[in-house]
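In order, the protein sequences belong to chains V and G. Note that the numbering used here has the first sequence beginning at 51, numbered continuously upward. Note that the numbering used here has the second sequence beginning at 2, numbered continuously upward.
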Amino acid sequence: MNIVVENLTKQYGTQKAIDSISFQVKTGEILGFLGPNGAGKTTTMKILTCFMAPNNGDVKVGEYSIHDHQEIIKSKIGYLPENNPLYYDMPVLEYLEFTAKLHGVESSSMESRIGEMVQVCGLNAEKHKKIGELSKGYRQRVGLAQAMIHNPEILIFDEPTSGLDPNQIIEIRNLIKRIGRQKTVILSTHILQEVEAICDRILIINKGKIVADGTPETLRKQAQGEEMLRVKIEDESNRDLISSSLRSLDSVAAVDPVADALNTFMVQSKPGSSSKRAVFRMCVQKNWTLTEMSPVETKLEDIFRELTT
Amino acid sequence: MNKTWIIAVRELKQFFDSLIAYILIVLFLGLTGLFTWLYDSDIFFIGQATLQPFFSVAYWTLFFFIPALTMRMIAEENKSGTIELLMTKPVTDWVIILGKFLACLLLIIIALALTLPYYITVASIGKIDHGAVWCGYLGLILMSMAYIGIGLFASSLTNNQIVSILIALLIGVFFLFIFDLFARNSAGLIGEILDYLNLQTHFESITRGVIDSKDVIYFLSISLFGLILAETMLSKRNIVD
Numbered sequence: 051m052n053i054v055v056e057n058l059t060k061q062y063g064t065q066k067a068i069d070s071i072s073f074q075v076k077t078g079e080i081l082g083f084l085g086p087n088g089a090g091k092t093t094t095m096k097i098l099t100c101f102m103a104p105n106n107g108d109v110k111v112g113e114y115s116i117h118d119h120q121e122i123i124k125s126k127i128g129y130l131p132e133n134n135p136l137y138y139d140m141p142v143l144e145y146l147e148f149t150a151k152l153h154g155v156e157s158s159s160m161e162s163r164i165g166e167m168v169q170v171c172g173l174n175a176e177k178h179k180k181i182g183e184l185s186k187g188y189r190q191r192v193g194l195a196q197a198m199i200h201n202p203e204i205l206i207f208d209e210p211t212s213g214l215d216p217n218q219i220i221e222i223r224n225l226i227k228r229i230g231r232q233k234t235v236i237l238s239t240h241i242l243q244e245v246e247a248i249c250d251r252i253l254i255i256n257k258g259k260i261v262a263d264g265t266p267e268t269l270r271k272q273a274q275g276e277e278m279l280r281v282k283i284e285d286e287s288n289r290d291l292i293s294s295s296l297r298s299l300d301s302v303a304a305v306d307p308v309a310d311a312l313n314t315f316m317v318q319s320k321p322g323s324s325s326k327r328a329v330f331r332m333c334v335q336k337n338w339t340l341t342e343m344s345p346v347e348t349k350l351e352d353i354f355r356e357l358t359t
Numbered sequence: 002m003n004k005t006w007i008i009a010v011r012e013l014k015q016f017f018d019s020l021i022a023y024i025l026i027v028l029f030l031g032l033t034g035l036f037t038w039l040y041d042s043d044i045f046f047i048g049q050a051t052l053q054p055f056f057s058v059a060y061w062t063l064f065f066f067i068p069a070l071t072m073r074m075i076a077e078e079n080k081s082g083t084i085e086l087l088m089t090k091p092v093t094d095w096v097i098i099l100g101k102f103l104a105c106l107l108l109i110i111i112a113l114a115l116t117l118p119y120y121i122t123v124a125s126i127g128k129i130d131h132g133a134v135w136c137g138y139l140g141l142i143l144m145s146m147a148y149i150g151i152g153l154f155a156s157s158l159t160n161n162q163i164v165s166i167l168i169a170l171l172i173g174v175f176f177l178f179i180f181d182l183f184a185r186n187s188a189g190l191i192g193e194i195l196d197y198l199n200l201q202t203h204f205e206s207i208t209r210g211v212i213d214s215k216d217v218i219y220f221l222s223i224s225l226f227g228l229i230l231a232e233t234m235l236s237k238r239n240i241v242d
C-alpha cells in the first residue's frame with residue numbers, strides 16, 4: 051500500500067514539531083527516518099498511525115485519508131511505538147492473543163499466527179513469562195511481535211532495534227528486510243549503519259523539515275560533489291616536492307598532506323574531472339612508487355552532520 | 002461491541018491477576034457482613050426481616066471502593082504509554098472507555114452477587130419484602146454505574162493514580178452530601194436543582210422499593226456524563242486549534 055503525505059504540519063503550542071512535510075512511500079519500500087532528537091520523527095509516526103491529528107495537511111494510505119477512515123487505516127498498520135509500551139503484568143502469549151483479537155484476527159487462524167510470531171521473533175523460551183519479567187531485548191521482541199501479529203500491509207517502527215544485543219539486531223534487521231519486500235515499512239533510528247544496511251530510501255528531517263530524500267547512494271553522490279583521492283607515494287623524502295608536483299596537475303584542485311601518515315596526501319579534483327590517471331602517469335614519469343590510491347567516499351555520518359547542524 | 006468485550010475481559014482479568022478483585026471482594030463482604038449481622042444496628046437488633054442495614058453499608062463502602070478500582074484504569078495507561086498502543090489498534094475511543102466501564106461494573110456485580118446468601122438467609126428467617134430487596138440491588142448497581150462514570154473521568158484527567166482517586170472522591174462527596182448541604186440553604190429553582198443532584202434521596206427512594214424513572218435517569222445520566230467527559234479527555238489529543 052502506498053502512503054502519501056501532503057503538507058503535514060503539527061504544532062505543540064507555538065512550536066512547530068513538523069512543518070509542512072510531504073513525501074511518499076511505495077509498497078515494497080523500506081523507508082528510513084533519520085534526524086536528531088526532537089526533529090519530528092516520532093510526531094510524524096504518531097500522525098501516520100492515527101494517534102494524533104495534524105494541524106494541517108493529509109496522509110493518504112492507499113485511498114483512505116487519516117481524517118475520514120481512521121479505523122480502516124489502523125487495521126492496516128502494525129505499529130511499534132517509541133519506548134515500546136506494553137502491559138507488564140500480562141504473560142506474553144496472553145498479550146499477543148489480546149492484540150490479535152483487537153485486530154480482528156480470525157479465531158481459526160489465531161493459534162497459527164501467534165505461533166508464527168513467537169517463532170519469528172524468537173520468543174519461544176519466554177512465551178509463558180509475564181512481560182514485566184523479560185529483559186529489554188525480549189520486550190522489544192514482544193513489541194515487534196504484536197505489531198506484526200495481524201500480518202499488516204504497513205509496518206511503522208519507532209527505533210525497532212533499541213535495546214537489542216548485536217546478534218538480535220542482525221536478526222531483526224534481516225527480519226525487517228525480508229518482510230519489507232512485500233510490505234511498506236517506515237522505521238526511525240539513530241543508528242546510521244542500520245539505515246545503510248536495510249533501507250531502500252532515506253529521509254532526513256531536521257527541525258520539522260525534510261532536508262534530504264533519496265537512496266543512500268544518491269545522497270552520498272549529492273554530498274560528495276568532487277572526487278577525493280587518498281594518495282601515498284614512497285621513495286621520495288621531499289614532501290613539498292610531491293605536494294607541488296601534484297598541485298601542478300591540470301585536474302587537481304587542492305592537495306592536503308595527511309597529518310599522521312607519512313607521504314600521504316588527500317587530492318581533491320576539480321569539479322567534473324578525475325585525476326587518477328594523471329597522478330599515476332606523474333609517478334611513472336618521476337619514478338616514484340605509488341603504494342596507495344583510493345577514492346574516499348563520503349560517509350552517511352558526514353551527510354547527516356552536514357544537513358542537521 | 003465485540004471489541005468492547007475483549008477490552009473488558011482483559012481489564013477484568015487484570016483485576017483478578019493483581020489481587021485487587023479478591024481484596025475488594027473480601028473487604029466488601031467483610032464490612033457489609035459485619036454491619037448487617039453483627040454490629041450496631043444489625044438485623045437482629047432491629048428485629049425485622051429486611052436488608053436495609055446491608056444497603057446502607059454498601060452505599061458507603063461502594064463510595065470508597067469504586068474510585069479505588071477506577072483510579073488505575075486510564076491514569077496508568079497514560080503513564081506507561083500503553084494508551085498509545087491501545088489507541089493505534091482499530092478501536093474507537095468509545096470502545097476503550099466502554100470496555101473499562103464494563104469491567105468495573107462486572108466486578109461490582111460479582112461482589113454484589115456474592116451477598117445473595119444474606120438475602121436467602123434473611124428470607125428464610127422472616128417474611129421479607131422481595132420487591133424491596135431486588136430494588137435495593139438495582140439501586141446499588143445504578144449507583145455503581147454513576148460512580149464508575151465519575152471514576153473513569155477522574156482517571157482520564159491525569160497520569161497519577163493518587164490524584165485520580167482524590168478527584169473521584171471529591172466529585173463523589175459533592176453528590177453524596179455537599180449538594181444536599183447547599184440545597185438546604187438555597188431556595189427556589191437553585192435549591193430544587195441542588196436537591197435533585199443529591200444522590201442519597203434518589204438511592205433511598207429506590208431501596209424503599211419505588212422505581213421512579215426520575216431516579217433511574219439521574220444515575221444513568223451521571224454515569225453517561227462521566228463517560229462522555231472521559232472520552233473527550235482521551236480524544237483531546239485529536240483536537241487541534
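Beta carbons: idealized from backbone N, C-alpha and C, even for Gly. All of these numbers come straight from a predicted model, not from anything done at the bench.
Return the chain-ordered list of same chain residues with a C-beta closer than 8 Å to the C-beta of residue 311 (chain V), the five sequence neighbours on each side being excluded. 282
Which whole-angstrom value is the C-beta distance of residue 228 (chain G) and residue 102 (chain G), which I expect to be below 8 Å? 6 Å
Length at least 3, wholly inside the segment 290-357 of chain V: the beta strand (DSSP E) runs in chain order: 302-307, 314-319 and 339-345
Does residue 174 (chain G) pass the burial test, meaning 16 or more other C-beta atoms within 10 Å, or should it be called exposed? exposed
Three-way DSSP call (helix, strand, coil) for residue 141 (chain V) in this model: strand
Quick one: which chain G residues come within Cβ less than 8 Å of residue 139 (chain V)? 15, 18 and 19
In this structure, how does DSSP classify residue 51 (chain V) when only helix, strand and coil are distinguished? coil
N-terminal and C-terminal residue of the beta strand (DSSP E) that residue 40 (chain G) is part of: Neither: residue 40 (chain G) is in no beta strand (DSSP E) and is coded neither H nor E.
Going by other Cβ atoms of all chains shown within 10 Å of its Cβ, with 16 needed for buried, is residue 114 (chain G) buried or exposed? exposed
Roughly how many whole angstroms lie between the Cα atoms of residue 182 (chain V) and residue 315 (chain V)? 56 Å
What does a CB cutoff of less than 7 Å around residue 166 (chain G) pick up in its chain, not counting 5 residues either side in sequence? 68, 69 and 72
Local conformation of residue 232 (chain V) per DSSP, three classes: coil
DSSP-derived helix/strand/coil call for residue 184 (chain V): coil
At least three beta-carbon pairs within less than 8 Å, the segment 57-65 of chain V to the segment 97-108 of chain V: yes
Same chain only: Cβ atoms within 8 Å of residue 174 (chain V), ignoring 5 sequence neighbours per side: 168
Which stretch, first to last residue, makes up the alpha helix (DSSP H) that contains residue 165 (chain G)? 162-174
Within 6 Å: the Cβ of residue 25 (chain G) and any heavy atom of the ligand FAD? Among the components of this structure there are no ligands whatsoever, and the ligand FAD is therefore not found.
Are the segment 235-242 of chain V and the segment 59-74 of chain V touching, with three or more C-beta to C-beta distances below 8 Å? no
Element boundaries [beta strand (DSSP E), containing residue 108 (chain V)]: 106-111
Return the Cβ separation of residue 151 (chain G) and residue 179 (chain G) in integer angstroms, given the expectation that the two are a contact with Cβ distance under 8 Å. Not a contact, Cβ separation roughly 14 Å.
Beta-bridge pairing of residue 59 (chain V) - partner residues as DSSP gives them: V:106
Residue 57 (chain G): which of G:236, G:176, G:208 and G:233 sits nearest, CA to CA? G:208
Would you list the residues sitting across from residue 73 (chain V) in a DSSP beta bridge? V:55
Looking at the secondary structure, which residues open and close the alpha helix (DSSP H) in which residue 79 (chain G) lies? 53-81
Confirm, please, whether the CB-CB distance from residue 127 (chain V) to residue 230 (chain V) is below 7 Å. no
Contact set between the segment 236-249 of chain V and chain G, restricted to residues whose Cβ is under 7 Å from the partner: none
Candidates V:329, V:294 and V:263: closest to residue 350 (chain V) by CA position: V:263
7 Å is my cut-off, CB to CB: does residue 151 (chain V) come that close to chain B? In summary, chain B is missing from the structure at hand, where the protein chains are V and G.
Minimum C-alpha distance to residue 268 (chain V) - residue among V:138, V:102, V:253 and V:133: V:253
May I ask you to report which of helix, strand or coil DSSP gives residue 211 (chain G)? coil
Contacts that residue 234 (chain V) makes with chain G (C-beta to C-beta distance below 8 Å): Correct list: empty, because the minimum Cβ distance to chain G is about 16 Å.
Tell me whether residue 176 (chain V) is buried or exposed, calling it buried when 16 or more other Cβ atoms sit within 10 Å of its Cβ. buried
Could you pull out every residue in the same chain whose Cβ sits closer than 6 Å to the Cβ of residue 76 (chain V), ignoring the five residues on either side in sequence? 52
Assuming the contact rule is C-beta atoms closer than 8 Å, residue 138 (chain V) and residue 197 (chain V) should be a hit. Round their C-beta distance to whole Å, please. Actually they do not touch by this definition, with Cβ atoms about 18 Å apart.
Test: residue 82 (chain G) CB closer than 7 Å to a CB of chain V: yes
Over the uninterrupted beta strand (DSSP E) stretch that includes residue 207 (chain V), give me the two end residues. 204-208
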